[in-house]
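Here is the structure we will look at.
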Amino acid sequence: MDLVQKVLITLLVVLIATLILFYVQTNGIAIKSSGDSSHRQPSFLILGTNGAGKTAFYNRLMSQDNQPKFEQTVSSIEPTFGHINLPLAKHSIAKTYQIIDYPGHLKYTQLLNKLILEDITLQKIKGIVYVIDSSAAATNGPRLLEVAHGLFSLLSQTEKLNNGIDILFAVNKQDLFDSRPVFKVKELLQQEVDKLVKNELMQKSSAGHEASGIDEEDDDTNRESLKEFWSSVVGRNGRFSFDMLEGNMDFIGGSVLKNKTEDWENWFDEKVMNQS
870 MDLVQKVLIT LLVVLIATLI LFYVQTNGIA IKSSGDSSHR QPSFLILGTN GAGKTAFYNR
930 LMSQDNQPKF EQTVSSIEPT FGHINLPLAK HSIAKTYQII DYPGHLKYTQ LLNKLILEDI
990 TLQKIKGIVY VIDSSAAATN GPRLLEVAHG LFSLLSQTEK LNNGIDILFA VNKQDLFDSR
1050 PVFKVKELLQ QEVDKLVKNE LMQKSSAGHE ASGIDEEDDD TNRESLKEFW SSVVGRNGRF
1110 SFDMLEGNMD FIGGSVLKNK TEDWENWFDE KVMNQS
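For the sequence shown, the positions run 870 to 1145 when the numbering used here is used.
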């Protein structure tokens, strides 16, 4: 075998190896992309703080047998993905939707943002149920503030979509003797979100601080973007109201424990019927 043949064979081997490497990398990216979008389908999210009753409501929806459910549930520590046929009242025209019970702790906020912005995408979210514990203890002090913080973060994403995303505030535990009426829960929550909006608008950037760098610049950009967004929402009045939002905000009372969730279930049917 002369030198020319050896060189040609070497070049051929290199070419084949390059093609194999390119195929593996391309195929790997395609698989990863497909995996990332596995939840990119028409979806409803069930959110709320720990103990509000969101997992119990999720279980009730998934059972679809209309029987009272009194079993004790534990707070979810990771998202639970399921599927449900909607509308519930008209099985003959029902379509399958993804339904997600999401953990209630604030530390999961960043992962929730990734879920709704990247994994599902805002366009695929057909509605959100925000379950609220209406007992006096849960609608006062730190626990109410936790709900407001979660809602503030959520609205900062969903309201950037044209027409926003409709949210059902499922005011749970209305059967308790110390539960607050629905209108009071709405009023208290609106006041807390208003405080967060005002605080956001008053925040200054980190410019001028001793610490500086890419992270600080990114924070400044994100904060300015957030300030501009909320400024556009509240306008000159500067006072937050749920009526200002693009999405419909429905506050409806009920009780998972007492099997009084029919109005919440009707909300699902209304959403899918209007969107079909």
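Glycine included, each C-beta is placed from N, C-alpha and C at the ideal position.
Predicted model, so just to flag it, every value in this text is computed and none were measured.
With a beta-carbon spacing of about 18 Å, P1011 and P972 fall beyond the 8 Å limit used to define contacts.
Counting along the chain, L1024 sits inside the alpha helix (DSSP H) bounded by residues 1010 to 1027.
A contact is defined here as three or more CB-CB pairs under 8 Å, and the segment 1091 to 1099 fails this definition with respect to the segment 994 to 1009.
Per DSSP, reduced to three states, the secondary structure at S1101 is helical. The bridge partners DSSP lists for Q967 are S912, H952. A distance of 8 Å or more separates the beta carbons of V1062 and F1098. Taking C-beta atoms under 8 Å as the contact rule, L1030 and L991 qualify, at a distance of about 5 Å. Cβ neighbours of W1136 within its own chain (closer than 6 Å, five residues either side excluded): L1037. In the DSSP annotation of this structure, the continuous segment of the beta strand (DSSP E) that includes N1041 starts and ends at 1036 to 1041.
The distance from the Cβ of D970 to that of G996 is about 14 Å, inconsistent with a contact at the 8 Å cut-off.
For K1127, the three-state secondary structure derived from DSSP is coil. Of the candidates I953, F926, L1024, F950, the residue whose Cα lies closest to the Cα of D1132 is F926. Excluding the 5 residues flanking it on each side, L986 has no same chain C-beta neighbour closer than 6 Å. DSSP places F1046 outside both helix and strand once states are collapsed to three, so it counts as coil.
For D1119, the enclosing beta strand (DSSP E) starts and ends at 1118 to 1122.
The residue from L1024, S932, K1096, Y977 with its alpha-carbon nearest to that of N1128 is S932.
Non-local beta-carbon contacts of G1033 in its own chain, meaning distances under 7 Å to residues more than five positions away in sequence, involve T1027, L1114, E1115, G1116 in chain order. No residue range can be given for Y977, since it is assigned to no beta strand (DSSP E) and is classified by DSSP as neither H nor E. Counting along the chain, the unbroken beta strand (DSSP E) around K995 starts and ends at 994 to 1002. Residue pairing from DSSP places G917 in a beta bridge opposite V1000.
Burial state of E1134 is buried, judged by a 10 Å Cβ sphere holding 16 or more other Cβ atoms. The distance from the Cβ of S1124 to that of Q1043 is about 5 Å, consistent with a contact at the 8 Å cut-off.
Put simply, the backbone Cα of S912 is about 30 Å away from that of Q1060. Annotated as proximal: L930 and I953, with beta-carbon spacing under 8 Å.
Taking D1047 as reference, the option from F1111, L984, S1004 with the minimal CA-CA separation is S1004. Going by C-alpha positions, K964 is about 7 Å away from P956. V1016 and L1058 do touch by the CB rule: their CB atoms are close to 6 Å apart, below 8 Å. In chain order, P956 place their CB closer than 7 Å to the CB of M1142, counting only its own chain and leaving out the 5 sequence neighbours on each side.
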